[in-house]
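Residue numbers (the numbering used here): 118 to 539. Glycine included, each C-beta is placed from N, C-alpha and C at the ideal position. Quick caveat: nothing in here was measured; it's all calculated off a predicted structure. Data block below; observations after.
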């Protein structure tokens, strides 16, 4: 209420002996909080130089009702705080970030720590807002029973562990799930190798590869446990789920491969060139079986007929809208990975690293999530668990350093063990 939280925080710090200066951004202020601050020895100033000398800046400019970017003088306060050496702590959420969507439309505070109350706000996890929040600390003030159904979920390790599929005592390679992979082409052969490798390390009992001879030869050389079929997917044999699209190309043979996969009655994951073919209208998406699309922002923009920059600015709205319009599950990759299914809360993936922004990592995610589909997980769970394991594998494999996509494949087992606690 007009900066009251920040003023009372300043009051506590002043009582502990800190020098506390209050910069007021507007004509209205929480009068009781301001009086308490002054009584504790704090002072009000209009000298922005105090930000340059500060050890700590507490942002109480706007609350969760704020919309749009910061206006002056608040925008100047935010810029000076960002340029200082101070630790910036935001009250509830960084000022200038939309609490419900994570949009940042103009100037905003960049926090090192955000202390949020009552419930987590979607804008603290969905980029670009999530990038401004820093470390998020939650304070329970007893609102849990009054909040209703969430719009967004963030799965924790225990949630993912409960969703992991495990073989039973009577399992064989067929009962554990057979995943079919239609990926790679003469132009992009590596995509097939990466997708098959990831699928084979993600719990499925068997991986069937279907594709051109050049890619088939590479798959055999890298993954001798895969069953390789040089031809069309309709003739490859029975599977419990298909992965189609990574490196597929967009020529006539690629269109036919995608058409055959979509005509099957099993769950299908569509990625990369498969999405480009759908966006171009070359192949219709007309199926009742479970379907998972895994676009990045540019691919989602083409599917939705939207602008890529707008997709990146309003990720939550766009992924939810596309899932609802197409009646499928959509996993939007990027700085924040989101998984949306019609009628359900959007899931925000908490794992990952910016080192994943390299060629081939999406092919690995496709194989991983496709194997989970083949083992019986619903598309929303397969996408969520796949993204979690994928991001965790990147952290484990890279340890803060650059990683090639191929290094993720052996790290999937490490990520699985970490989640399972074994």
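Item, Value
"If we count the other Cβ atoms within 10 Å of its Cβ and call it buried at 16 or more, is residue 264 buried or exposed?", "exposed"
"Just the Cα atoms here: how many angstroms apart are residue 137 and residue 513?", "42 angstroms"
"Closest to residue 172 by CA distance: which of 372, 496, 202 and 280 is it?", "202"
"Per DSSP, what kind of secondary structure is residue 505 in: helix, strand or coil?", "helix"
"What beta strand (DSSP E) runs, 3 residues minimum, are completely inside the region 267-304?", "295-299"
"CB residue 321 to CB residue 488, shorter than 8 angstroms?", "yes"
"Scan the region 137-177 and note each continuous alpha helix (DSSP H) run of 4 residues or more that stays entirely inside, going in chain order.", "148-156 and 166-170"
"Rounded C-beta distance between residue 272 and residue 501? I'm assuming under 8 angstroms.", "6 angstroms"
"I'd like to check one pair, residue 294 with residue 357: are the Cβ atoms closer than 8 angstroms?", "yes"
"Leaving out five residues before and five after residue 447 in sequence, what residues of the same chain have Cβ atoms less than 6 angstroms from its Cβ?", "410, 436, 439, 440 and 457"
"Between residue 351 and the rest of its own chain, which residues show a CB-CB distance below 6 angstroms, the 5 nearest in sequence each way excluded?", "377"
"Decide yes or no for the touch test of the region 148-164 against the region 199-217: beta carbon pairs closer than 8 angstroms, at least 3 of them.", "no"
"Cβ of residue 390 within 8 angstroms of Cβ of residue 367?", "yes"
"Give me whichever residues DSSP pairs with residue 237 in a beta bridge.", "Residue 237 is not bridged to any residue."
"Can residue 406 and residue 360 be called in contact, C-beta distance under 8 angstroms?", "no"
"When you compare each of 465, 539, 147 and 517 to residue 503 by their alpha carbons, which one comes out closest?", "465"
"What is the C-beta distance between residue 385 and residue 395, in whole angstroms, given that I count them as a contact (C-beta under 8 angstroms)?", "Wrong, their Cβ atoms sit about 11 angstroms apart, outside the cutoff."
"Taking C-beta to C-beta, are residue 420 and residue 218 nearer than 8 angstroms?", "no"
"Just curious, the beta strand (DSSP E) that residue 360 is in, first and last residue?", "358-361"
"According to the Cβ coordinates, are residue 212 and residue 176 closer than 8 angstroms?", "yes"
"Sorted by chain position, which residues of the same chain lie with C-beta nearer than 7 angstroms to residue 235's C-beta, five sequence neighbours on each side aside?", "258 and 260"
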